[in-house]
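*Asks:* In this note's numbering, the protein residues as written are 25 to 169.
Don't be surprised by glycine CBs; every beta carbon is placed ideally from N, CA and C.
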């Protein structure tokens with residue numbers, strides 16, 4: 025666990041609206057294919073963010089975004105772009121497996137309590153640095169005060 029300040033960053037992104045689950049994995053797979061087709065795969069940083077709480081928003085209206093952190097603004101194909109605001113986060117490096125990621129989310133309340141984190145009411149961020157993923161890891165970022 026480490027504390028980090030994420031500066032504001034420009035991103036290109038895909039969005040899926042609907043129930044969280046396997047479709048999110050399909051979106052990520054398609055997004056990675058797009059990143060490679062754009063020639064941006066090497067040293068890529070991809071973020072996955074579930075924007076809505078399914079206990080407060082109808083599942084069919086939940087949004088899931090996948091972002092490529094990039095300063096590039098012209099792409100071969102049409103893609104949404106925006107700037108994500110900067111924020112302070114606590115970073116957890118974990119194994120990049122469905123099982124370990126699921127366990128992390130299942131223990132999230134205990135992790136927050138154990139580490140006495142003052143969490144903001146903002147979505148968690150899954151960060152996939154290609155160099156880290158190739159070593160079998162990813163990161164979960166929790167926005168904090």
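#1: Whole angstroms are fine: how far does the CA of residue 129 sit from the CA of residue 37?
#2: In terms of alpha-carbon separation, which member of 154, 110 and 76 lies closest to residue 33?
#3: Could you name the residues that DSSP lists as bridge partners for residue 34?
#4: Cα separation between residue 86 and residue 29?
#5: DSSP three-state call for residue 118: helix, strand or coil?
#6: In the DSSP output, which residue or residues are listed as bridge partners for residue 17?
#7: Distance, Cα to Cα, residue 92 vs residue 142?
#8: Smallest Cα separation from residue 103: which of 151, 115 and 90?
#9: Which same chain residues, not among the five before or five after residue 48, have their C-beta less than 6 Å away from its C-beta?
#10: At the level of alpha carbons, what is the spacing between residue 144 and residue 165?
#11: Express the C-alpha separation of residue 44 and residue 74 in angstroms, rounding to a whole number.
#12: Using DSSP's beta-bridge definition, name the partner residues of residue 72.
#13: Would you list the one or two residues that DSSP bridges to residue 163?
#14: Considering just the uninterrupted stretch of the alpha helix (DSSP H) at residue 54, what are its terminal residues?
*Replies:* Judging by the given coordinates:
#1: Translated into positions along the chain shown, residue 37 becomes position 13. Translated into positions along the chain shown, residue 129 becomes position 105. Their Cα atoms are separated by approximately 24 Å.
#2: The residue given as residue 33 occupies position 9 in the chain shown. When each option's Cα is compared against that of residue 33, the closest is 110.
#3: Numbered from its first residue, the chain shown carries residue 34 at position 10. Answer by DSSP bridge pairing, in chain order: 107.
#4: For the purposes of this step, residue 86 is taken as the residue at position 62 of the chain shown. For the purposes of this step, residue 29 is taken as the residue at position 5 of the chain shown. Distance between the alpha carbons of residue 86 and residue 29 is about 27 Å.
#5: Position 94 of the chain shown holds residue 118. Residue 118: strand per DSSP, three-state reduction.
#6: No information on residue 17 is available, as it lies outside the stretch 25 to 169 that the chain covers here.
#7: Numbered from its first residue, the chain shown carries residue 92 at position 68. Numbered from its first residue, the chain shown carries residue 142 at position 118. Distance between the alpha carbons of residue 92 and residue 142: 28 Å.
#8: Against the chain shown, residue 103 aligns to sequence position 79. The candidate whose alpha carbon is nearest that of residue 103 is 90.
#9: Along the chain shown, one-based indexing puts residue 48 at 24. Hits under 6 Å: 88.
#10: For this step, residue 144 is matched to residue 120 along the chain shown. For this step, residue 165 is matched to residue 141 along the chain shown. Roughly 12 Å between the two C-alpha positions.
#11: Your numbering for residue 74 matches position 50 in the chain shown. Your numbering for residue 44 matches position 20 in the chain shown. Their backbone Cα atoms lie some 8 Å apart in a straight line.
#12: Looking up residue 72 in the chain shown gives position 48. Beta-bridge pairing links residue 72 to 90 and 150.
#13: Taking the first residue of the chain shown as position 1, residue 163 is located at position 139. Note: residue 163 sits in a beta bridge opposite 117 and 151.
#14: Here residue 54 refers to the residue found at position 30 of the chain shown. Its alpha helix (DSSP H) spans residues 46-61.
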